[in-house]
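**Student:** Counting in our numbering, the final residue of the sequence shown is number 248, and the numbers go up one at a time with none missing.
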Amino acid sequence: MPALEPLLLFAGTALLAAYVQKVSGFALGLIVMGAVGAFHLAPIAFAALVVSMISLFNVLSALWGRWHDVHRPTLKAAAAAMIPGVLVGLALLDWLQSAWLEGLRGLLGGFILAAGLLLMLRPHPRPAPSPPWKASVWGAVAGLFGGLFSTAGPPIVYHLYREPVGIPVIRATLLAFFAVATLVRIGATGAAGAIDAAVLTWVAAGLPAVLLGTWLGRLFPPHLPDLAMRRIAFVLLAALGSALLVS
Numbered sequence: 002m003p004a005l006e007p008l009l010l011f012a013g014t015a016l017l018a019a020y021v022q023k024v025s026g027f028a029l030g031l032i033v034m035g036a037v038g039a040f041h042l043a044p045i046a047f048a049a050l051v052v053s054m055i056s057l058f059n060v061l062s063a064l065w066g067r068w069h070d071v072h073r074p075t076l077k078a079a080a081a082a083m084i085p086g087v088l089v090g091l092a093l094l095d096w097l098q099s100a101w102l103e104g105l106r107g108l109l110g111g112f113i114l115a116a117g118l119l120l121m122l123r124p125h126p127r128p129a130p131s132p133p134w135k136a137s138v139w140g141a142v143a144g145l146f147g148g149l150f151s152t153a154g155p156p157i158v159y160h161l162y163r164e165p166v167g168i169p170v171i172r173a174t175l176l177a178f179f180a181v182a183t184l185v186r187i188g189a190t191g192a193a194g195a196i197d198a199a200v201l202t203w204v205a206a207g208l209p210a211v212l213l214g215t216w217l218g219r220l221f222p223p224h225l226p227d228l229a230m231r232r233i234a235f236v237l238l239a240a241l242g243s244a245l246l247v248s
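And the structure:
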């Protein structure tokens, strides 16, 4: 059985991350992975698998009833490129964890910092829809980091928010993309035998915390403008990324 203290810290981080995601629209995986790495709660590969399994429940519940809004051509192009990206990311994670652990921690910290900056941007929509190959490129990049850290969000979020379509379509397409990405990641790691009792214990600790954080975010949202919430999330991500880089 895992030690109680890191498990409780993980659950508390998951609750905070779920609350931030509910009120700002992003950052669950980034915050949890950043805290796990910064406070040495668990190995990065282990934590990424736990985050994938928790995120799947969160994404599927959010996607319920929104399938009709998914932009299927974009989803197909992005998901087709994402699948090999996830597999490459998993292979790279396995190699880095065994051959260059400090480099892996630095890469996670740098990615969290870059993701925070990217998510702070408010891109203007393009005048016309992008060709499918652009969705494929961003899907592959998202898949790579989804495989590495279970954080596929920032690249594909940035791409889709520049498309000239409605917000409901963007959000539903993002949720569907995340669902596919997490299913692929969980399937690949499960086939490799990585899902064991310890993983399920952490999932059992983190999932109620995520559900509670989401519920609190819905009932008690902060009375702050969207830009202020994004800045708060960015400061949190910057702190976690910097802690990983200097530790």
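Backbone N, C-alpha and C fix where the C-beta goes; we use that ideal spot for every residue, glycine too.
Just so it is clear, the structure is predicted and the values come from calculations on it, not from any experiment.
1) Expressed to the nearest angstrom, what Euclidean distance is found between the alpha-carbon atoms of residue 95 and residue 46?
2) Between the alpha carbons of residue 249 and residue 191, how many angstroms are there, rounded?
3) Which residue's Cα is closest to the Cα of residue 152: 27, 40, 68 and 125?
4) Between which residues of its own chain and residue 213 is the CB-CB distance below 7 Å, once the five residues before and five after are set aside?
5) Which residue from 12, 234 and 215 puts its Cα closest to that of residue 48?
6) Thinking just about the alpha-carbon of each residue, which of 118, 128 and 161 is nearest to the one in residue 139?
7) Counting Cβ pairs, one atom from each stretch, are 3 or more of them under 8 Å apart for the segment 214 to 221 and the segment 67 to 81?
8) Does the Cβ of residue 168 have 16 or more other Cβ atoms within 10 Å, making it buried, or fewer, making it exposed?
9) Mind checking whether residue 245 and residue 38 have CB atoms under 8 Å apart?
10) Relative to the alpha-carbon of residue 68, which residue among 101, 127, 177 and 77 has its alpha-carbon at the smallest distance?
11) With distances taken Cα to Cα, identify the nearest neighbour of residue 108 among 53, 90, 181 and 134.
12) Could you give the uninterrupted runs of the beta strand (DSSP E) lying entirely in the segment 222 to 246, keeping only those of 3 residues or more?
**Tutor:** Reading it off the structure:
1) What you label residue 95 is simply residue 94 of the sequence shown in a count that begins at 1. What you label residue 46 is simply residue 45 of the sequence shown in a count that begins at 1. Going by the C-alpha atoms only, they are around 8 Å apart.
2) Because the chain here runs from 2 to 248, residue 249 falls outside it and cannot be looked at.
3) One-based indexing of the sequence shown puts residue 152 at position 151. Ranking the options by Cα distance to residue 152, first place goes to 27.
4) Position 212 of the sequence shown, counted from the first residue, corresponds to residue 213. Cβ neighbours of residue 213 beyond the five flanking positions: 16.
5) For this step, residue 48 is matched to residue 47 along the sequence shown. Ranking the options by Cα distance to residue 48, first place goes to 12.
6) In the sequence shown, counting from the first residue as 1, residue 139 sits at position 138. Of the listed residues, the one whose Cα sits closest to residue 139 is 161.
7) no
8) The residue you call residue 168 lines up with position 167 of the sequence shown. With fewer than 16 Cβ atoms within 10 Å of its Cβ, residue 168 is classed as exposed.
9) Here residue 245 corresponds to residue number 244 of the sequence shown, with the count starting at 1. Here residue 38 corresponds to residue number 37 of the sequence shown, with the count starting at 1. Result yes, Cβ atoms of residue 245 and residue 38 sit closer than 8 Å.
10) Numbered from its first residue, the sequence shown carries residue 68 at position 67. It is 177 whose Cα lies nearest to the Cα of residue 68.
11) In the sequence shown, counting from the first residue as 1, residue 108 sits at position 107. The shortest C-alpha separation from residue 108 is found at 90.
12) none
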